[in-house]
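Written below as structure tokens is the structure these notes are about.
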Amino acid sequence: MAAAPDDAARASGWVLRAATHLLAMPIDRAISAILAEFGELAGADRAWMFEYDESLLRFRNTHEWSRAGVSPHVEDLQDAPVTMIAWLHRFLVQGQAVMINDVAGLPRTARSLQAELLRQDDKSVLSVPLVHQGVLRGCIGFDATARIRRWEGGTISALFHCAQLIGLARYSGRNTYISRVQAASGPFTPLIYLRMPGRARGIVPEEILGLRAARDYTDVWLVDGSKLTDHRALSVWAGMLPTATFLRIHRTAIVNLGHVEVLDRHAGRLRERWELRLRSLDTLWVVSRPYRAQLRSRLGI
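To convert, note that position 185 of the sequence shown is 185 in the UniProt record's numbering; the numbers rise steadily by one, no gaps.
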């Protein structure tokens, strides 16, 4: 059956907007932008994405947008067993979208899924599989927390097309470097979540190039070329990052030692300033005196 004109127009418009984000931004920023924009357009209270591991036995939340006043839950489910969402998973693995109109009315066989959704105050949930080359890789969807609702076929179709684009962009060769970084971190290394207004983004520590204090916030540079501002102080980050790979080089800066490309120990007019350059960044990072000896030791120079 042919799609209604309004449905076809919505799907076409969403696909165009999704493609624009995916072409203009690094992949994770693009996904966050897509969830925020389409969550608003669909009247959702949350929009989210989770990913499976290679075995399809475990999953974790990776991206989330939430409306003002709606509680975020992106950090809750990490390395979670698929048995928790088994009722939903059996449809996703067949490439089917699932519209849960009334969470309270789910069947007994969906009890574990229902308990989790009720914990998040969900009343209705739309879930769309994220597939690449015939393999289920994740899921994106919408939550309604304020009232029971049903998203119509046009919205479901539009989100389905967007999921196909995200799958192509995230799991194809364009992002092989980031994929290697994440794979090298081991299966489902715990994520650190960047907190920004209305949204959160999960990253593995190896994706971070460096961090700088920005008053009460922290600017974070990532391997995909993006710079994001997290709503926590640098002192909080200092306690979260693994000390095996991260080192403070200034009271206002921390760097990932694995991404140090150049260290100049004779910079400046008097050739006494230490500066380093991180891979793929043009910005110079000053190393203050109290941290120089430890930096030399950690770099083996």
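Glycine included, C-beta positions come from ideal geometry on N, C-alpha and C.
In this text, all values refer to a predicted model and were calculated from it rather than measured experimentally.
7 Å or more divides the Cβ of S124 from the Cβ of V98.
Checking the DSSP bridge columns, you'll see L263 partnered with L276.
Taking 3 residues as the minimum length, the beta strand (DSSP E) runs contained wholly in the stretch 194–260 are 199–203, 208–214, 217–222, 227–230, 246–250 and 253–256, in order along the chain. With contact defined as three or more Cβ pairs closer than 8 Å, the stretch 39–58 and the stretch 66–76 are in contact. A146 has no beta-bridge partner at all, per DSSP.
Taking R108 as the centre and dropping the five residues before and after it, the same chain places no C-beta closer than 8 Å to its C-beta. Relative to the Cα of A115, the nearest Cα in the group G95, N61, T252 and M84 belongs to M84. T229 and G134 have their C-alpha atoms some 36 Å from each other. For N61, the pairing in a beta bridge is given by DSSP as F50. Between A233 and P72, the C-beta gap is not smaller than 7 Å, which leaves the two residues out of contact. Looking at the DSSP output, S157 bridges to nothing. Taken through DSSP and simplified to helix, strand or coil, L56 comes out as coil. Under DSSP, M84 shares a beta bridge with no residue. Residue pairing by DSSP places S124 opposite A144 in a beta bridge.
In this structure, V287 is the residue among V260, V262, V287 and C162 with its C-alpha nearest to the C-alpha of E272.
Residue pairing for W285: DSSP places it in a beta bridge opposite L276. In this chain, the beta strand (DSSP E) harbouring I100 covers V98 to I100.
The shortest CA-to-CA distance from L168 to any of H132, R137, L16 and I203 is the one to H132.
Non-local C-beta neighbours of V260 in its own chain, meaning closer than 6 Å and more than five positions away in sequence, comprise L276, ordered along the chain. Taking C-beta atoms as the reference points, G198 and T62 fail to come closer than 7 Å.
Straight through space, the alpha carbons of A86 and L113 are spaced by roughly 8 Å. Using a Cβ distance threshold of 7 Å, E75 and Y217 do not count as a contacting pair. For R111 and Q120, the gap between their C-alpha atoms comes out near 14 Å. In the three-state reduction of the DSSP assignment, R269 falls in the coil class. In terms of Cβ geometry, N256 and T245 form a close pair [threshold 7 Å]. In this structure, I166 is the residue among I166, T283, L191 and L263 with its C-alpha nearest to the C-alpha of V15. Distance from A163 to P129 at the Cβ level is roughly 7 Å; contact confirmed, criterion being Cβ atoms closer than 8 Å.
Residues of the same chain with a CB within less than 7 Å of the CB of L136, apart from the 5 flanking positions on each side, are Y52, L56, L92, V93 and P129 in chain order. Here I100 has L106, S124 and V125 as same chain residues with Cβ atoms under 7 Å from its own Cβ, once five neighbours each way along the sequence are excluded.
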